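Residue numbers (mature numbering (1 follows the signal peptide of the UniProt record, and there is no 0)): -22 to -1, 1 to 371.
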């Protein structure tokens, strides 16, 4: 028996995914947020009032590089420490600690972790304050734009140190612009960076407790004006900006995010979901997906909320009755659409390899590539045949 053949074959079979399964990934979902305020016994420089200033960026990097490891050691679900502001009074530091879905930390324990730390800066011990961030009534607006910079592979990982620095630069600069224009502005969140210079997919949140959310056109024009006025240290392609209202979540429904590409030419009117072209296309997509997913028990509706450039990228929601005892997995939802596209049940020019379904509650996502699955099946069968032949001989 030729073990030099059998052992490698067994190893290859072992590392392959079982053919037919959709690939699943999981990204951290931020569930717990706590403000963290403290003072540093040092001279406050006027530059520190500008969060994007080089001196301020250096200070932020110095603080976060020492603070974050402490919390990561204590809390495995700790994600990041975002500094939002410095003010006078020695150096008053204001930021937010963010944690993913695991055990919820205690606010007083978070303060003690900082007080017990050893730093190169002089922490004023009685200045540390923490409090849980309570959710406010917010309206969400999607904001996508291109940075005129070279994309790096590590930008796909939002936890990478360089990516976090880029995220901080963008959010602090944009937040300052939107806060001065809209008093009800709450915060900006970066969802992802992708290739195509650097395509930045973000969400702007506005407090709607006492005032209405701004119009998406105003949001877009505010960013264009800031670019024209030179408010940013980074360069943005002002022709790439797309803003759209993110639909409010129906509490009676369990929503899954679904994204895919259609092999059609993107036209500018599709950026406006109220335009005739966008309305007609959304109706067509909704009709096809409703017809497919209605075969699932407790399926409720499809909602298309955005079209983006890149052929036509479709962002939507699949809603199921939350009371269901048999909610489908993201992999089943992705596989179902891919198979329907392949066999012609869904008559839309969808690229099956681009289909991605995510459960926003858990961060679990699945994509489906029928071509890859077929290749894996062929490889698996070839390797199994080789193994059998080696055993026989």
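All residues carry an ideal CB built from backbone N, CA and C; glycine is no exception. Computed from a predicted model, the values in this text were never measured in an experiment.
What residue from the options has the CA that sits closest to residue i's CA?
i, options, result
"residue 100", "256, 190, 18", "18"
"residue 341", "229, 169, 257", "169"
"residue 73", "249, 15, 50", "15"
"residue 216", "248, 178, 231, 228", "178"
"residue 191", "165, 66, 212", "165"
"residue 266", "255, 36, 280", "280"
"residue 118", "229, 176, 185, 209", "185"
"residue 37", "314, 20, 48", "20"
"residue 94", "49, 322, 306", "49"
"residue 35", "13, 62, 55, 54", "62"
"residue 228", "296, 180, 242", "296"
"residue 321", "339, 332, 270, 291", "270"
"residue 333", "314, 176, 207", "314"
"residue 176", "122, 64, 202", "122"
"residue 242", "292, 202, 264", "292"
"residue 173", "135, 307, 104", "135"
"residue 326", "338, 307, 264", "264"
"residue 137", "207, 55, 152, 157", "55"
"residue 13", "246, 244, 210, 106", "106"
Look at residue i and residue j and say whether their C-beta atoms are less than 7 angstroms apart.
i, j, result
"residue 328", "residue 335", "no"
"residue 120", "residue 300", "no"
"residue 11", "residue 76", "yes"
"residue 251", "residue 289", "no"
"residue 85", "residue 110", "yes"
"residue 133", "residue 160", "no"
"residue 42", "residue 22", "no"
"residue 226", "residue 116", "no"
"residue 91", "residue 124", "no"
"residue 312", "residue 344", "yes"
"residue 276", "residue 309", "no"
"residue 273", "residue 298", "no"
"residue 89", "residue 108", "yes"
"residue 305", "residue 232", "yes"
"residue 378", "residue 155", "With the chain covering -22 to 371 only, the question about residue 378 has no answer from this structure."
"residue 162", "residue 180", "no"
On the DSSP letters alone, give me the boundaries of the alpha helix (DSSP H) that residue i sits inside.
i, result
"residue 146", "139 to 159"
"residue 46", "32 to 52"
"residue 258", "254 to 271"
"residue 85", "85 to 93"
"residue 177", "That residue, residue 177, is in no alpha helix (DSSP H); its beta strand (DSSP E) goes 176 to 185."
"residue 231", "Careful: residue 231 lies outside any alpha helix (DSSP H), inside the beta strand (DSSP E) at 231 to 240."
"residue 311", "308 to 321"
What residue range does the beta strand (DSSP E) around residue i cover?
i, result
"residue 57", "56 to 66"
"residue 292", "290 to 299"
"residue 126", "Taken as a continuous stretch (DSSP letters only), residue 126 belongs to no beta strand (DSSP E), as it is neither H nor E."
"residue 386", "No answer is possible for residue 386: it lies beyond the span of the chain, which begins at -22 and ends at 371."
"residue 206", "No beta strand (DSSP E) contains residue 206, which is instead part of the alpha helix (DSSP H) from 194 to 206."
"residue 72", "69 to 78"
"residue 223", "214 to 223"
"residue 342", "342 to 345"
"residue 109", "107 to 110"
"residue 245", "Counting along the chain, residue 245 falls outside any beta strand (DSSP E), and DSSP gives it neither H nor E."
"residue 281", "277 to 287"
"residue 334", "334 to 336"
Would you please verify whether the beta carbon of residue i is less than 7 angstroms from any beta carbon of chain C?
i, result
"residue 89", "In the structure shown, chain C does not exist; there is a single protein chain."
Tell me whether residue i, by its Cβ, gets closer than 6 angstroms to a heavy atom of the ligand SAH.
i, result
"residue 116", "The model on display carries no ligand, and the ligand SAH is accordingly not part of it."
Here's the rule I'm using: 16 or more other beta-carbon atoms within 10 Å means buried, otherwise exposed. How should residue i be labelled?
i, result
"residue 294", "buried"
"residue 330", "buried"
"residue 349", "Per-residue confidence for residue 349 stands at a pLDDT of 44, beneath the threshold of 50, marking its modelled position as unreliable; the derived number appears in the next sentence. Label assigned to residue 349: exposed."
"residue 32", "exposed"
"residue 97", "exposed"
"residue 254", "exposed"
"residue 200", "buried"
"residue 71", "buried"
"residue 323", "exposed"
"residue 249", "buried"
"residue 337", "buried"
- Query: Is the number of C-beta pairs between the stretch 141 to 158 and the stretch 228 to 240 that are closer than 8 angstroms three or more?
  - Reply: no
- Okay, do the stretch 21 to 30 and the stretch 74 to 86 touch, 3+ Cβ pairs below 8 angstroms being the bar? no
- Query: Within the chosen definition, does the stretch 127 to 135 reach the stretch 148 to 158 through at least 3 CB pairs nearer than 8 angstroms?
  - Reply: no
- Message: Closer than 8 angstroms is the cut-off here; do at least three beta carbon pairs connect the stretch 191 to 203 with the stretch 213 to 226?
- Response: yes
- Message: For the structure I just gave you, are there three or more beta carbon pairs, one from the stretch 271 to 289 and one from the stretch 240 to 260, closer than 8 angstroms?
- Response: yes
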